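Asker: Next up is a structure, given as structure tokens.
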Amino acid sequence: MKNQNFKTSAIGPFYKSILLLFVFFSHFTFAQYEKVYKYDDYHKDWALVKTSSGTFGFIDKQKKLIVQPIYSKIEKFGILDDNFALVKSISDGYGLIDQSGKERVPAIYSKIEKFDAIKKDCALVKSRSDLYGFVDRTGKEIIPATYTLEEIKTKFQ
639 MKNQNFKTSA IGPFYKSILL LFVFFSHFTF AQYEKVYKYD DYHKDWALVK TSSGTFGFID
699 KQKKLIVQPI YSKIEKFGIL DDNFALVKSI SDGYGLIDQS GKERVPAIYS KIEKFDAIKK
759 DCALVKSRSD LYGFVDRTGK EIIPATYTLE EIKTKFQ
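Residues in the sequence shown are numbered from 639 upward in steps of one, following the numbering used here.
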């Protein structure tokens, strides 16, 4: 009897310590967010999260980080294209993330238009120096943002 009590009492604190560490780190990880928005509003099984510094990202239902909370704004998927969500950096640049959470178009543009609005399978992008170009659906800048809007409409429509 003394041996069984000794084993139980020695193992009990160990498991309690592990459990407390798990609870602490789970809470600490989740507590880093000022707000966790409703799941599935932006993407299936994802929730938009807001940090105390006011930046946004996404987590999944297991609370795994999908998109780092580095953006000052994230739009819903489907506004510019079904496969992308518009993101705004803290330096006010716009880019696109895809359905896997990967940044496909870096957040360096002052504006990004809807895909197919001017050129098929492309989105018009505006640089911070007010020049225009196009990105394709892979995120590649296929026409550099070095043209005026009139030149873009004339040459590439």
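Where a beta carbon is used, it is the ideal one built from N, C-alpha and C, also for glycine.
Note that this is a predicted model, so its numbers are computed, not measured.
On a Cα-Cα basis, can you pick out the residue from G771, V687, K752, D679 that is closest to D673?
Answerer: In the sequence shown, counting from the first residue as 1, residue 673 sits at position 35. The sequence given here places Lys at residue 673; Asp does not occur at that position. Looking at the Cα atoms, V687 is the closest of the given residues.
Asker: When burial is assigned at 16 or more other CB atoms within 10 Å of the CB, is I717 buried or exposed?
Answerer: Position 79 of the sequence shown holds residue 717. It is exposed - the Cβ of I717 has fewer than 16 other Cβ atoms within 10 Å.
Asker: Taking K740 as the reference, which of Q700, Q795, E751, T776 has the closest Cα?
Answerer: Residue mapping note: residue 740 aligns to position 102 of the sequence shown, counting from 1. Residue T776 is the option with its Cα nearest to K740.
Asker: Where does the unbroken beta strand (DSSP E) through K726 begin, and where does it stop?
Answerer: If you number the sequence shown from 1, residue 726 lands on position 88. Where K726 is concerned, the enclosing beta strand (DSSP E) stretches over 722-727.
Asker: S767: which of A761, S748, D759 sits nearest, CA to CA?
Answerer: Within the sequence shown, the letter at position 129 stands for residue 767. Among A761, S748, D759, the Cα nearest to that of S767 is on S748.
Asker: Residues in its own chain within less than 7 Å of T689 by CB, not counting five upstream and five downstream?
Answerer: Translated into positions along the sequence shown, residue 689 becomes position 51. If we look at T689 and ignore the five residues flanking it on each side, its Cβ neighbours are Q670, Y671, E672, P707.
Asker: When DSSP builds the beta bridges, which residues end up paired with E779?
Answerer: Translated into the one-based positions of the sequence shown, residue 779 becomes position 141. According to DSSP, which records beta bridges pairwise, E779 is partnered with V773.
Asker: Buried or exposed: where does L762 fall if 16 or more other Cβ atoms within 10 Å of its Cβ makes it buried?
Answerer: Your numbering for residue 762 matches position 124 in the sequence shown. Flag for L762 reads buried.
Asker: By the 10 Å Cβ neighbour count, where 16 or more other Cβ atoms means buried, how is L787 classified, buried or exposed?
Answerer: The sequence position of residue 787 within the sequence shown is 149, counting from 1. L787 should be labelled exposed.
Asker: Measure the C-alpha to C-alpha separation of V705 and G695 and round it to an integer number of angstroms.
Answerer: For the purposes of this step, residue 705 is taken as the residue at position 67 of the sequence shown. For the purposes of this step, residue 695 is taken as the residue at position 57 of the sequence shown. If you take the alpha carbons of V705 and G695, they lie about 5 Å apart.
Asker: Can you grab the Cα-Cα spacing for the pair A723 / F772, in whole Å?
Answerer: Position 85 of the sequence shown holds residue 723. Position 134 of the sequence shown holds residue 772. A723 and F772: Cα-Cα distance of roughly 17 Å.
Asker: On the three-state DSSP scale, how would you describe E789?
Answerer: Taking the first residue of the sequence shown as position 1, residue 789 is located at position 151. Three-state result, E789: helix.
Asker: Pull the bridge partners of F753 from the DSSP assignment, please.
Answerer: As a position in the sequence shown, residue 753 is number 115, starting the count at 1. DSSP output for F753 lists A761 as bridge partner(s).
Asker: For E672, report the span of its beta strand (DSSP E) as first-last.
Answerer: Stepping through the sequence shown from its first residue, residue 672 is reached at position 34. Counting along the chain, the beta strand (DSSP E) containing E672 begins and ends at 671-674.
Asker: Measuring CB to CB, does A796 end up less than 7 Å from Y770?
Answerer: Nothing can be reported for residue 796, as the shown portion of the chain is limited to 639 through 795.
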